[in-house]
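Positions 1 to 209 (our numbering) are the ones given, in order, by the sequence shown.
Each residue gets a CB set at the ideal place from its N, CA and C atoms; glycine is no exception.
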Amino acid sequence: MTTYSVIKSKLSGSSNIEQKTGLPLALGAAVGGLLGKWMFSFVSSLSPDKNKVGAVQAACLMLVTVGTLVYTLYKERIKTYHVTNLMACVAIGIFLGILSSFLGIGGGPINLVVLFFFFSMTTKIAAENSLYIIFFSQIASLLSSIVTKSVPDFEIATLIFMVIGGIGGGIAGRALNKKIEEKTVDKLFIGLMVVIIFINIYNIYQFIG
Numbered sequence: 001m002t003t004y005s006v007i008k009s010k011l012s013g014s015s016n017i018e019q020k021t022g023l024p025l026a027l028g029a030a031v032g033g034l035l036g037k038w039m040f041s042f043v044s045s046l047s048p049d050k051n052k053v054g055a056v057q058a059a060c061l062m063l064v065t066v067g068t069l070v071y072t073l074y075k076e077r078i079k080t081y082h083v084t085n086l087m088a089c090v091a092i093g094i095f096l097g098i099l100s101s102f103l104g105i106g107g108g109p110i111n112l113v114v115l116f117f118f119f120s121m122t123t124k125i126a127a128e129n130s131l132y133i134i135f136f137s138q139i140a141s142l143l144s145s146i147v148t149k150s151v152p153d154f155e156i157a158t159l160i161f162m163v164i165g166g167i168g169g170g171i172a173g174r175a176l177n178k179k180i181e182e183k184t185v186d187k188l189f190i191g192l193m194v195v196i197i198f199i200n201i202y203n204i205y206q207f208i209g
């Protein structure tokens with residue numbers, strides 16, 4: 001889905017990604033993603049109880065998501081910035097990559113808030129830039145798994161259906177994005193945050209139950 005969305009926007013000439021900030025962010029996120037993956041493996045190795053590690057991870061994700069929700073609800077009252085410094089963009093990207101990889105999520109919701117705050121992007125533009133960042137992170141993670149021979153076993157048929165579903169979702173999402181207003185996107189985003197919070201509460205209960 002991410003690959004389709006990024007390539008499609010580039011080929012159609014409708015991309016809202018500013019390379020001056022987008023590329024350093026994406027490259028930083030790719031490096032941060034590898035660091036976050038290593039950090040999670042290290043933390044997991046310290047505890048024999050995988051349920052405890054999972055509970056901590058879910059709790060951290062819930063707190064981050066709650067923070068994301070609160071920021072989104074009050075973002076109109078919060079002063080934002082226009083970061084253009086190359087090293088600052090790379091540092092922000094590394095932070096996003098570490099956080100997203102360590103928490104085991106694609107990074108979308110967290111990416112959006114960071115892009116709102118540091119780059120004063122609207123929701124739609126932030127969503128496109130977030131996909132661009134995730135695209136680079138996923139490539140780095142995939143290459144790392146191949147090099148270290150840590151790719152998990154999977155069914156080819158399942159992979160094919162997932163790819164088809166991802167591309168189909170990307171097509172539907174792009175079409176829907178063109179038809180709905182910015183405020184509607186914000187409402188959908190807030191609704192998604194609420195769902196993620198409840199999922200994490202359920203996951204914590206499952207891990208410690």
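Inset, instruction - Sort P109, G93, W38, V66 by Cα distance to S150 and report the nearest one. - result: Here the question's residue 150 lines up with position 150 in the sequence shown. Closest by alpha carbon: W38.
Inset, instruction - Just confirm the distance between the C-beta atoms of F118 and Y81, as a whole number of angstroms; I'd bet it's less than 8 Å. - result: For the purposes of this step, residue 118 is taken as residue 118 along the sequence shown, with counting starting at 1. For the purposes of this step, residue 81 is taken as residue 81 along the sequence shown, with counting starting at 1. That belief holds up - the Cβ atoms of F118 and Y81 are roughly 5 Å apart, short of 8 Å.
Legend entry - Residues near F207 by beta carbon distance below 6 Å, same chain, minus five either side: For the purposes of this step, residue 207 is taken as the residue at position 207 of the sequence shown. Taken in chain order, the residues that qualify are N51, G54, A55.
Inset, instruction - Compare the C-alpha of C60 against each of L73, F40, I78 and name the closest. - result: The residue labelled residue 60 in the question sits at position 60 within the sequence shown. The candidate whose alpha carbon is nearest that of C60 is F40.
Legend entry - Residues near D186 in its chain [Cβ-Cβ closer than 8 Å; skip 5 each side]: In the sequence shown, counting from the first residue as 1, residue 186 sits at position 186. For D186, where only same-chain residues beyond five positions count, the Cβ hits under 8 Å are T72, T123.
Legend entry - Beta-carbon gap between S101 and L35 smaller than 9 Å: Numbered from 1 along the sequence shown, position 101 holds the residue referred to as residue 101. Numbered from 1 along the sequence shown, position 35 holds the residue referred to as residue 35. Yes, the Cβ-Cβ distance between S101 and L35 is below 9 Å.
Inset, instruction - Quick one: give me the first and last residue of the alpha helix (DSSP H) that T123 is part of. - result: On the sequence shown, position 123 is the one that residue 123 refers to. That run of the alpha helix (DSSP H) goes 123-147.
Legend entry - Local Cβ density within 10 Å of G33, reported as buried at 16 or more and exposed below that: Here residue 33 is taken as the residue at index 33 of the sequence shown, counted from 1. When all chains shown are included, G33 counts as buried.
Inset, instruction - Flag this pair as touching only if the segment 62-69 and the segment 192-201 have three or more C-beta atom pairs under 8 Å; answer yes or no. - result: yes
Inset, instruction - Would you give the residue range spanned by the alpha helix (DSSP H) that E181 belongs to? - result: As a position in the sequence shown, residue 181 is number 181, starting the count at 1. Run containing E181: none; DSSP gives neither H nor E here.
Inset, instruction - In angstroms with no decimal places, state the Cα-to-Cα distance between T21 and T84. - result: The residue you call residue 21 lines up with position 21 of the sequence shown. The residue you call residue 84 lines up with position 84 of the sequence shown. The alpha-carbon atoms of T21 and T84 are separated by roughly 6 Å.
Legend entry - Limits of the unbroken alpha helix (DSSP H) element including T65: Within the sequence shown, residue 65 is the residue found at index 65, counting from 1. From DSSP, the alpha helix (DSSP H) with T65 extends over 50-73.
Inset, instruction - Give the single residue among L86, D153, I125 whose Cα lies nearest to the Cα of R174. - result: Translated into positions along the sequence shown, residue 174 becomes position 174. Ranking the options by Cα distance to R174, first place goes to I125.
Inset, instruction - Inspect the beta-carbon positions of G67 and V114 and report whether they are closer than 9 Å. - result: The residue labelled residue 67 in the question sits at position 67 within the sequence shown. The residue labelled residue 114 in the question sits at position 114 within the sequence shown. Not a contact, by the Cβ cut-off of 9 Å.
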